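Worksheet: the structure to be examined is printed underneath.
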Amino acid sequence: MSRPPTDEGTERAGRLDTFAALDDRLDDLARRVGRAVFGDRAGLALFLGALCFFALFWRVETLSNDNFANLNALVALAEGQFHVPGIAFGPSSGETPGMRYVDGRRVADNYGLVLLSLPALLFLRGAALVVDLGVAFAALWSCGLLAVVVLVGGEVGRGREAKFVGAGVALVAFLANLAVATPFPTRWLPLVALQATTAVAAALTAVVCYRLGCAVADRRVGHFAGVAAAAATPVGFWAVGPKQHAVTALFVTTALYALYRSRGAPTVRGETRFRAVAYACIGLTAWQHAGEALLLALALVPVDLATARRTDIRGLSVVAAALAVSALPFLATNAAVAGDPLQPLKLLPHYHGQELAGVDAGVGGTGGAGEIGGADGTGGGGADGAGAGAGATDGSNTPNGDSASVRSATGPLGAAFGAFGTLAAGLSAAVGLVDQGVSTVASRGERSLAAITDPDQVAAVFLRSGYVASLRTGEDAAINLSVLESMPLLAALAALPAAALRRLSRRGDRSGAALASRADGGVARPAASRAAVVGERLRASWQGRTRRPARTADAFAVAYTLVLLATTFDGLPMHHMLTVRYLHALYPLGLYGVLRSASVREAVSARPRRLTGAYLVAVAGGLAWYAAAFALLGPSLGEAVQLHGTVAFAVAVAAGGWAVLAGGDRLDASTRRSVGAVVLGVAAASTTTYLLVAGGLFSTTGRYLLPLSRPLLGTLFSVF
Amino acid sequence: MDYSDASVATVLAFLAVVTVATGPLLPAVGLSAGSAHPVGSGDAAVTLERPPVDGLELVRGDFDAGTYHLESTPGRVAVDDVSGNPALKLTVDVPGIYYSDVRTYELGGRSGESVRLRFPAVDVSPEYVTANRYDATVGVWLRTGDEYDQLYQETVTVEVRR
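Written as structure tokens, this is what we have:
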């Protein structure tokens, strides 16, 4: 016999139902976020796999003196202040690239990266109280490997076996790391936090490339694109280099993907949603680097407006709102650091040892903030004269009491006028800033246009690096690779013009045949009618083509490349570019171009096993070859880099040769696919090998995230 | 029971337990405290068998690297009776090309071994290398705590190989 439910029982059951509903909702939310970010389980596997791969060559050391400003800013931020009163890393003077000066304070110039890294630093500091981080990183890596094996096993329908294999691999990897583990120096946690941010950005770039590959062709091409982005492009190199390159590449690639998907969306609403994502990338890029955001805008906005299905007020207001919201972190950070939301931090004066307000006060570190407040007030709105608009905005807001009395005296209408005036001044300053940026782009464009006609300069940047005599003495070590040496896979782009020429030639043949048939008895149309028909066809062709997702994405990729080259090329080659890092975002865009080649897609889809086999054999052979070469030759750093440059260039020439023949339809289908799979696999392996070799090559201290990396990479490939 | 799930759960549990057990909460375990001695601490008996000055040359890099670096027959030091983590220091100073460098070899756990001494292959700009030979001061030192024992120090001639 059942008892009637008591009030208490009913209440408890109701509470449980609420928790269950909340749990379901959270599950649903997690699934939605996971699907939005990774797409599917393969995307998640790729993300984790990319992170595990980066961890193999994750050096816990600075790559250049540019890193010190961000490191010191992160340490200061963890103590609750935007300015940098003390120097924890680098020269004690704090005079390093990226360190700026405003209102008597030292500040860094990329708080986007620094703020994104703050949670990681706090988490790591907390974890260090409980666990030995050397062991914890090894355990995390093993968990990542296990997850990747299980996810991949599930994808290929071998989930049960994959769990056994994954557990075994994870256990062996962990024990191997444990055998050589040493205490992890917690002093370097800020660096690890910055690197964690760039590594996540790089892994997400690989995920975006995977999804782009799926959209362009199919899942197999998507898998190729994702793995290639992580392991066969310099994206992997800068995954552990704590600079903004990885983050910028992520946003540029995301903008490309969003643009592609927007044009393929079945409804205007769907298109607008993806367009909003693309525009949001501009604001988020600005948070890292305002100049790079301007370049993205210069490429994205014209291409989008020229090809969007609808450019009415409603659609534009949505993308404008997305842009405005995405710019909020940039504006808020500028306001907090420089006191002016429209003051990009990169345009602040460099810090050259100027007098510090906090130091003058001299009483303790924490008193600095108060002093700085005083300095702000007395220092006046002059603040570098960054723009009249900015000064006006400050002026209207500074004396709070006065503002309030004015408002009460003039009523709500006056307040509205005041707000409108402030908004107008802000907009005017923003327009001035963009105008200044566009002028800079234009003037640099002129210089770049002149530089791009110099074949030696073009060859040194794009083809073969070697020793560059024009670099400053002492900064001329040949440690830089060219674009092609950094990513030999780009040579497959040669298939695109070859295929275009082939199509043109066929079209010419067909036109010739049509003319001949007309001459044989066809009826000639009057000239005016012919022109009208041609005009109509061109119009239809333009509308049809530009609205095709690939055409829009192509246009954006070309536009961004041209804009970036126009603003950068005149200064290249520079010292310490390593992988021509100033053009870093072009690598994932170039990968997209490679995917646009039908010959590449065909080889990837038709011969996946041959491609994978060629890749794995080439990586294993390449590592063994480099280890032998290092042992026999004992190269200097420059020699070792150029040794790779020579090999990579030869691989790229082979890949380019195949691409020209395949694109031009000079090979039969079977040869085209088989040779293509091998050539693409070896070209991808060339970069993978370099990423691993560079893990040892550029390490000066032998300090790695994974304990196992030191005896492997740090011994086999070290020159120091 | 599905053994595949159990194997995954067992490994994850093992990773978690070992990670926590080796952390600061249980200092007695300390699996990763292998080389806790600071570099240069402790002591060792070392014998310099050969300084790295035979065939010392400034060699122009291959593969179109363009810069110069030091090369010589590697030196050799016999190491014994190591306690802690003392350090060998190989120093080189070539004022004519504005170049000086130090290479450190940790000796912890290397009793009975022979350490090969090689100059760091640092790139020197060709703009600095204008003569055919330079004077270089090469030194080998043993650091034990705050003390440095000089094992070798000579000024030798470096030939330039272009």
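Protein chains in written order, with the UniProt record's numbering: chain A, 1 to 720; chain H, 1 to 162. Glycine included, every Cβ here is placed at the ideal spot set by N, Cα and C. What you are looking at is a predicted structure, and each value in this text was computed from that prediction instead of being measured.
Please report the Cβ distance between Ala-225 of chain A and Gly-236 of chain A, rounded to the nearest whole angstrom; I am assuming they are in contact, meaning their Cβ atoms lie under 8 Å. Not a contact, Cβ separation roughly 14 Å.
Go to Glu-11 of chain A, then tell me how far its alpha helix (DSSP H) extends in each direction, as first and last residue. 7-38
For a contact meaning CB atoms closer than 7 Å, what does Ser-125 of chain H contact in chain A? Thr-473, Gly-474, Asp-476
Below-8 Å beta-carbon distance, Val-20 of chain H vs any chain A residue: yes
Which parts of the region 572-610 of chain A are runs of the beta strand (DSSP E), unbroken and 3 residues or longer, counting only runs that do not cross its ends? none
Residues of its chain near Val-319 of chain A, where Cβ-Cβ distance is below 6 Å and the 5 sequence neighbours each way are ignored: Arg-275, Ala-276, Tyr-279
Excluding the 5 residues preceding and the 5 following Arg-309 of chain A in the sequence, name in chain order all residues of the same chain whose CB lies nearer than 6 Å to its CB. Val-268, Glu-271
Looking only at DSSP bridge pairs, what is Lys-89 of chain H linked to? H:Thr-104, H:Trp-141
Of the listed residues A:Ala-598, A:Thr-579, A:Asp-454, A:Leu-586, nearest to Arg-503 of chain A (C-alpha basis): A:Ala-598
Can you give me the start and stop residues for the beta strand (DSSP E) that His-69 of chain H sits inside? 68-71
Measure from the alpha carbon of Gly-613 of chain A to the alpha carbon of each residue in A:Val-679, A:Ala-694, A:Gly-104, then state which is nearest. A:Val-679
Whole-angstrom C-beta distance between Val-39 of chain H and Thr-91 of chain H, which should lie under 8 Å: Not really, about 16 Å apart at Cβ, beyond 8 Å.
Based on DSSP bridge pairs, tell me the residues matched to Asp-135 of chain H. H:Thr-157
Tell me the DSSP secondary structure of Arg-118 of chain H in three-state form. In the structure shown, Arg-118 of chain H sits in coil (DSSP, three-state: anything other than H, G, I, E or B).
Using a Cβ-Cβ cut-off of less than 9 Å, list which residues of the region 56-67 of chain H approach chain A; keep chain order. Val-59, Gly-61, Asp-62, Phe-63, Asp-64, Ala-65, Gly-66, Thr-67
According to DSSP, which residues form a beta bridge with Thr-198 of chain A? By DSSP's assignment, Thr-198 of chain A forms no beta bridge with any residue.
Counting C-beta neighbours from all protein chains within 10 Å, is the total for residue 757 of chain A 16 or more, i.e. buried, or is it exposed? Summary: the structure shown does not reach residue 757 of chain A, with chain A confined to residues 1 through 720, and so no result is reported for it.
Cβ distance (whole Å) where Pro-707 of chain A is taken to contact Thr-186 of chain A below 8 Å: Going by Cβ atoms, the distance from Pro-707 of chain A to Thr-186 of chain A rounds to 16 Å, so no, they are not a contact pair.
Against chain A, which members of the region 78-110 of chain H pass a CB distance test of less than 9 Å? Tyr-98, Arg-103
Minimum C-alpha distance to Gly-714 of chain A - residue among A:Glu-61, A:Gly-49, A:Asp-28: For Gly-714 of chain A, the nearest C-alpha among the options comes from A:Glu-61.
Limits of the beta strand (DSSP E) - the one that Gly-45 of chain H falls within: Before going on, a small fix: residue 45 of chain H reads as Ala here, not Gly. Per DSSP, Ala-45 of chain H belongs to the beta strand (DSSP E) from 41-50.
Between the CA atoms of Val-461 of chain A and Pro-455 of chain A - distance to the nearest angstrom: 10 Å
What are the residues of the region 327-358 of chain A that lie near chain H, defined by any Cβ-Cβ distance shorter than 8 Å? none
Any beta carbon of chain H sitting closer than 8 Å to that of Gly-154 of chain A? no
Can you confirm whether Gln-288 of chain A, when its beta carbon is compared against all beta carbons of chain B, has any partner nearer than 8 Å? No chain B appears in this structure, whose protein chains are A and H.
Does the region 86-95 of chain A touch the region 123-137 of chain A, meaning 3 or more C-beta pairs lie closer than 8 Å? no
Below 9 Å between beta carbons is the criterion; list the residues of the region 618-639 of chain A that meet it against any residue of chain H, in chain order. Leu-633, Gly-634, Pro-635, Ser-636, Leu-637, Gly-638, Glu-639
Going by the CB atoms, is the gap between Ala-196 of chain A and Ala-120 of chain A shorter than 8 Å? yes
How do the region 168-175 of chain A and the region 100-115 of chain A stand: do at least 3 beta-carbon pairs fall below 8 Å, yes or no? No, because fewer than three Cβ pairs between the region 168-175 of chain A and the region 100-115 of chain A fall closer than 8 Å, the two stretches do not touch.
Any chance the region 239-256 of chain A sits against the region 283-302 of chain A, with 3 or more Cβ pairs inside 8 Å? yes
Could you say which of A:Pro-266, A:Ala-69, A:Phe-556, A:Asp-340 lies nearest to Ala-306 of chain A if we only look at CA atoms? A:Phe-556
Give a yes or no on whether the C-beta atoms belonging to Ser-465 of chain A and Glu-485 of chain A are separated by under 8 Å. yes
Three or more C-beta pairs below 8 Å linking the region 245-252 of chain A and the region 75-84 of chain A: no
Assuming Leu-58 of chain H is part of the beta strand (DSSP E), what are its boundary residues? 57-60
Residues of chain A with CB closer than 9 Å to the CB of Tyr-128 of chain H, please, in chain order. Thr-473, Gly-474
Quick check on the DSSP output: what are the complete alpha helix (DSSP H) runs of length 4 or more inside the region 269-344 of chain A, in order along the chain? 290-307, 313-326, 328-338
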